[in-house]
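The next block holds one structure in the form of structure tokens; read it before the comments.
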Amino acid sequence: MASITIRNLDEATKQLLRERAAHNGRSMEEEVRHLLRDSTQAPVSFPAEPAAASGSPEIFDPLELDGKRILLIITGGIAAYKCLDLIRRLRERGASVRPVMTEGARAFITPLVVGALANDKVFLELFSREDEQDVGHIRLARECDLVLVAPATADFIAKMALGLANDLASTIVLASNRPLLVAPAMNPIMWAAPALQRNMQQLRADGVHVIGPMRGEMAESGEAGTGRMAEPLDIVAAVRGLLAGTPGTIKGPLAGKRAIVTSGPTHEPIDPVRYIANRSSGKQGHAIAAALAALGAQVTLVSGPVTIADPAGVTTLHVETAREMLDAVEQLLPTDIAVMVAAVADWRASGAAGEKIKKKPGKAPPPLQLTENPDILKTVGHHAKRPALVVGFAAETQNLIDNARGKLQRKGADWIVANDVSPAKGVMGGDRNHVRIVSRSGVEDWPEMDKTSVAARLAQKIADRFETTEV
Ligand SMILES: Cc1cc2nc3c(=O)[nH]c(=O)nc-3n(C[C@H](O)[C@H](O)[C@H](O)COP(=O)(O)O)c2cc1C
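If you read the sequence shown in the numbering used here, its first letter stands for residue 319, the second for the next number, and so on.
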């Protein structure tokens with residue numbers, strides 16, 4: 319049988335594969351598998367850029383960050399190239415981006431390209447006669463609504479944790495009283511290093527917001543693990559969420575409302591090392607949590623095991639099993655809004671083994687007995703402390719609308735967001751979604767769009783509902 323070694327591909331192909339895999343949130347090996355599978359159905363095309371950056375139809379509000387001033391500090395990591403797309407994403411939503419680059423960052427990308435994309439001067443030096451005539455570093459630290467460090471190197475994180483101020487970027491961070499968001503990016507072994515983790519703990523304790531890093535393939539060396547910078551669109555969502563939660567910035571239509579969102583799969587143990595799970599990535603649920611926060615809601619996200627970052631501006635509780643998820647949700651009630659996006663396992667193994675089940679030579683495999691899990695949506699929909707608005711998700715592979723209508727009735731939900739998760743649609747784990755909103759008044763068929771846009775539109779629909787009716 320033929321085999322492909324990714325290491326042996328030429329550099330250009332590897333780069334295309336890396337970008338494609340990063341865009342789709344897959345490892346390079348998984349991406350190859352998808353390409354091979356897809357090639358039996360349709361011709362393969364390698365996009366020259368990640369699809370999201372190549373002009374694919376994407377719905378967003380060009381005014382969602384209107385007038386917001388982002389001070390972007392770029393530090394010297396290999397992910398610096400991604401901040402070029404980030405600048406574009408922020409600016410197309412109405413934000414202005416003022417870039418500051420460390421000396422390290424300039425080894426990876428040039429101030430010329432950063433300045434051209436930001437359409438602003440790039441600030442580089444602390445001891446600049448020209449900029450410091452009016453104490454420029456203090457001005458830069460204050461003349462913004464948010465300071466964003468992306469990518470944030472291990473070195474810069476250490477400086478922040480210690481409060482060092484020995485270059486322009488670190489001095490600005492120390493002199494700023496604005497919300498601070500960092501997007502770490504580094505090799506997985508660096509990320510796991512005790513010193514780095516100590517520094518991260520310090521940053522969190524100091525009130526710094528953190529997005530990522532993500533699991534996946536590293537841009538260098540074909541290594542995989544946790545350390546990849548969060549994707550630009552996720553950083554944009556985090557910026558939006560943080561600005562919405564900052565008094566005096568965006569006063570959202572959901573200000574004062576409390577929301578629970580569940581997201582991701584659940585893992586149901588069979589024994590200490592094996593579990594039953596599903597392919598949910600948490601991308602849609604996490605995006606909805608961020609979108610509700612961006613409109614001013616106070617959001618708690620109850621997340622099953624996922625490999626994506628906690629959204630900024632949202633309180634995230636991590637659980638494993640359906641029963642843990644239900645406990646967490648019930649403890650949060652009452653709230654105004656519940657959006658149940660998690661793909662909760664319908665069944666768990668009856669009596670998970672306390673020790674690893676051993677394979678016995680010559681013996682038949684052990685039978686797997688299943689027990690039904692609690693139905694979280696139904697429990698919330700009929701709860702004595704039922705939220706005013708309960709939204710469920712229906713992931714179906716057939717009879718989408720009929721099944722969603724049935725679910726609406728049985729579960730006591732107000733709306734069901736129905737999506738077709740047949741493998742050919744690539745919804746589970748993918749970045750795009752085509753949803754129908756099923757309610758007692760009918761069915762809305764939304765066009766296919768990326769999950770961030772679905773989230774933004776759903777959050778707006780929720781806000782409209784609260785504006786027009788006392789639900
Ligand atoms: C090719 C190359 C790639 C690097 N990538 C990273 C990285 O992704 N993350 C990181 O924390 N450091 C990385 N480093 C190390 C930093 O560049 C180094 O710690 C530098 O001092 C950071 O400076 P700064 O934090 O002031 O920008 C890399 C170094 C090299 C030579």
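Even glycine gets a Cβ: it sits at the ideal position worked out from N, Cα and C. Note that the coordinates shown come from a computational prediction; the quantities given were computed from them, not determined experimentally.
DSSP beta-bridge partners of residue i
i	result
Leu635	Val620
Gly543	Gly534
Met658	Thr580 and Gly710
Thr689	Arg666
Ile391	Val418 and Val467
beta-carbon residue i near ligand 1 non-hydrogen atom, thresh 6 angstroms
i	result
Thr393	yes
Ala510	no
Ala423	yes
Ala503	yes
Asp473	yes
Ile396	yes
Thr420	yes
Nonlocal neighbours in the same chain, by C-beta distance under 6 angstroms from residue i, ignoring five residues either side
i	result
Ile568	With a pLDDT of only 43 at Ile568, under the threshold of 50, the placement of this residue in the model should not be trusted; the figure read from the coordinates follows. The answer, listed in chain order, is Leu561 and Ala562.
Leu390	Val415, Pro417 and Leu466
Thr625	Arg533
Trp733	Val709, Ile755 and Ser757
Gln520	Ala479
Arg576	Gln616, Thr653 and Asp654
Arg387	Ser414, Cys462 and Asp463
Leu482	Ser488
Gly631	Gly559, Leu560, Gly563 and Ala611
Close Cβ partners of residue i (< 8 angstroms) along its chain, the five nearest in sequence each way excluded
i	result
Glu382	Arg411, Gly412, Arg558, Ala612 and Ala774
Ala671	Ile588, Asp589 and Pro590
Thr715	Asp738, Val739 and Ser740
Leu686	Ile588 and Ala667
Asn751	Gln602, Asn737, Val745, Glu766, Met767, Asp768, Lys769 and Val772
Met508	Ala472, Leu514 and Gly545
Trp764	His752, Val753, Arg754, Ile755, Val772 and Arg775
Leu790	There is no way to answer for residue 790, as the model of the chain reaches only from 319 to 789.
Leu551	Ala370, Arg407, Asp768 and Thr770
Cβ shell of residue i (< 7 angstroms), same chain only, five flanking positions each side left out
i	result
Ala476	Asn517
Ala459	Ile490, Ala493 and Ser494
Ala360	Reliability of the predicted coordinates at Ala360 is poor, the pLDDT of 44 falling under 50, and the value obtained from them is presented with this limitation in mind. Once the five neighbours on either side are set aside, Ala360 has no close Cβ partner at all.
Ala646	Val620, Leu635 and Val637
Pro380	Glu410, Arg411 and Gly412
Ala742	none
Ala398	Ile392, Ala423, Phe426, Ile427 and Pro469
Arg723	Val756
Pro692	Ala640, Arg641 and Leu644
Met790	The requested residue 790 is not part of the displayed model; the chain covers only 319 to 789.
Gly525	none
Ala713	Ala661, Asn737 and Val739
Proximity test, residue i beta-carbon vs ligand 3 heavy atom, cut-off 6 angstroms
i	result
Arg457	The model depicted lacks ligand 3 and carries ligand 1 instead.
Below-7 angstroms beta-carbon distance, residue i vs any chain D residue
i	result
Pro741	This model lacks chain D altogether, as it is built from one protein chain only.
Inset, instruction - Count the CB pairs spanning the region 574-584 and the region 656-674 that are closer than 8 angstroms, and state whether there are at least three. - result: Pairwise C-beta distances place the region 574-584 in contact with the region 656-674, as three or more of them are shorter than 8 angstroms.
Inset, instruction - Count the CB pairs spanning the region 433-444 and the region 461-470 that are closer than 8 angstroms, and state whether there are at least three. - result: Per the Cβ contact rule, the region 433-444 is not in contact with the region 461-470 (fewer than 3 Cβ pairs under 8 angstroms).
Legend entry - Those runs of the alpha helix (DSSP H) which lie wholly inside the region 399-468 and span at least 4 residues: 400-410, 429-436, 447-450 and 454-460, all fully within the region 399-468.
Inset, instruction - Can you check the region 701-781 for any beta strand (DSSP E) of at least 3 residues that lies completely inside it and give the ranges in chain order? - result: Whole beta strand (DSSP E) segments, 3+ residues: 707-714, 733-738, 753-757 and 760-763.
Legend entry - Every unbroken alpha helix (DSSP H) inside the region 479-529 [4 residues or more]: Here the runs fully enclosed are 486-493, 506-510 and 512-523.
Legend entry - Three-pair Cβ contact test at 8 angstroms for the region 550-557 versus the region 597-611: A contact exists between the region 550-557 and the region 597-611.
Inset, instruction - Inspect the CB distances between the region 616-624 and the region 535-545 and report whether three or more fall short of 8 angstroms. - result: These segments do not touch.
Legend entry - Completely contained beta strand (DSSP E) runs for the region 660-687, where each covers 3 or more residues: Segments of the beta strand (DSSP E) lying fully in the region 660-687: 665-667.
Inset, instruction - Count the C-beta pairs between the region 698-710 and the region 641-658 that are closer than 8 angstroms, then say yes if the count reaches three, no if not. - result: Result yes; three or more Cβ-Cβ pairs closer than 8 angstroms.
Inset, instruction - Return the chain-ordered ranges of every beta strand (DSSP E) run that is complete within the region 545-618 and spans a minimum of 3 residues. - result: Runs of the beta strand (DSSP E) inside the region 545-618: 576-581.
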